[in-house]
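Residue numbers (our numbering): 9 to 377. A virtual CB, placed ideally from N, CA and C, is assigned to each residue, including glycine. Encoded as structure tokens, the structure appears first; notes follow it.
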């Protein structure tokens with residue numbers, strides 16, 4: 009465990025503000041904070057860096073998601089930074105997420121001693137991020153239409169759509185990180201973008217949770233099933249929520265709901281609480297224990313998820329359960345096969361590009377479980 013941990017915010021008007029520290033006896037000076045900030049400025053992405061300053065070893069965590077914030081740990085002489093890198097990143101990630109949610113509820117001593125961490129975003133969360141970046145969502149729609157496209161042509165199209173200078177690589181990053189597209193150099197100079205997976209966001213019924221209730225909480229079984237049925241299959245004339253019915257209308261409630269689902273899944277604290285409830289209903293204390301989040305934070309997250317019709321509360325039993333289970337999943341875009349054939353016949357792409365696209369589809373199909 010680090011000898012000391014502190015959280016710093018660089019405010020435009022007040023300069024460096026030490027928001028939290030452990031132990032409370034830790035003293036810091038402006039010179040050290042400036043040197044720490046200098047190290048942080050070298051990184052333009054989420055990073056944990058090491059620096060030796062005035063004889064002490066510092067691990068410095070920062071993320072573009074929280075501009076101006078740093079979580080710093082002072083390591084003891086017998087601690088190796090590389091051995092602690094992953095845990096220090098996870099600890100910094102959790103601390104800043106909690107500070108952003110409710111800084112007054114953060115107990116830094118408790119977090120450091122418990123060695124609680126927040127893992128990197130899951131693939132499900134990476135998929136959700138596609139729909140939260142307007143240019144990335146536009147690119148996905150374009151690729152669903154084209155299947156395969158030269159990067160240069162795609163860049164021109166995107167600039168015309170947004171009427172502004174756009175870095176194609178940056179806009180493409182969420183699609184690449186989630187495995188939806190592959191970008192490869194085919195030939196000597198032409199970068200080609202391949203759609204290798206498509207994505208579907210929806211609310212699934214909380215099947216596992218309902219089965220668990222049948223075994224462990226029969227007192228809420230009937231009411232629980234009634235809540236879920238009312239959402240997914242309400243009495244006529246209401247149609248309810250049925251993600252199995254194909255929908256092409258872009259104004260469909262299910263397609264509109266996809267962005268809401270994405271926001272829920274992309275938020276790390278929401279995702280931690282939601283993922284914990286996928287298996288079974290839990291009390292507030294159970295959720296706090298499983299997620300290592302303060303109860304005050306868990307309570308706020310649950311209220312937010314309740315408003316979004318994701319969870320429901322059973323007052324008498326004091327438990328929370330999933331009403332709906334937001335999911336984002338990928339599938340193989342078989343519809344691109346005729347697009348590939350058409351583009352080859354019209355000489356928009358070479359046979360070499362077509363073969364590579366088919367290889368990538370086969371590779372990704374083999375990875376899907």
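The region 152-162 makes no contact with the region 126-138; the number of CB pairs closer than 8 Å stays below 3. With a cut-off of 8 Å on Cβ pairs, the region 296-315 is not in contact with the region 164-176, counting fewer than three such pairs. For residue 347 against residue 155, the beta-carbon gap comes to about 4 Å, under 8 Å, which counts as contact. Your pair residue 116 and residue 30 checks out as a contact, with CB atoms roughly 5 Å apart and the cut at 8 Å. If you draw a 10 Å sphere on the C-beta of residue 275, you find 16 or more other C-beta atoms in it, and that means buried.
With fewer than 16 other Cβ atoms from the protein chains shown falling within 10 Å of its own Cβ, residue 25 counts as exposed. In the structure shown, residue 300 falls within a coil segment according to DSSP collapsed to helix, strand and coil. Membership of residue 101 in the alpha helix (DSSP H) is indicated by the continuous run 89-110. CA-CA distance, residue 149 to residue 359, rounds to 24 Å. When secondary structure is reduced to three states using DSSP, residue 119 falls in the helix class.
At the C-beta level, residue 331 and residue 344 stay beyond 8 Å of one another.
Judged by DSSP in its simplified three-state form, residue 61 adopts strand. Residue 317 places its beta carbon 8 Å or farther from that of residue 240. About 7 Å separates the beta carbon of residue 151 from that of residue 201, a gap short enough to meet the 8 Å contact definition. Taking C-beta separations shorter than 8 Å and ignoring five residues to either side along the sequence, the partners of residue 203 in its chain run 151, 152, 154, 155, 156, 188, 189, 341 and 344, following chain order. Using a Cβ distance threshold of 8 Å, residue 236 and residue 291 do not count as a contacting pair. Classified as buried, residue 282 has 16 or more neighbouring CB atoms from the shown chains inside 10 Å of its CB. Here residue 127 has 98 as same chain residues with Cβ atoms under 7 Å from its own Cβ, once five neighbours each way along the sequence are excluded. In the three-state reduction of the DSSP assignment, residue 284 falls in the helix class. Here DSSP, grouped into helix, strand and coil, assigns residue 68 to strand. Of all alpha-carbon atoms in 205, 265, 186 and 286, the one lying nearest the alpha-carbon of residue 219 is that of 286.
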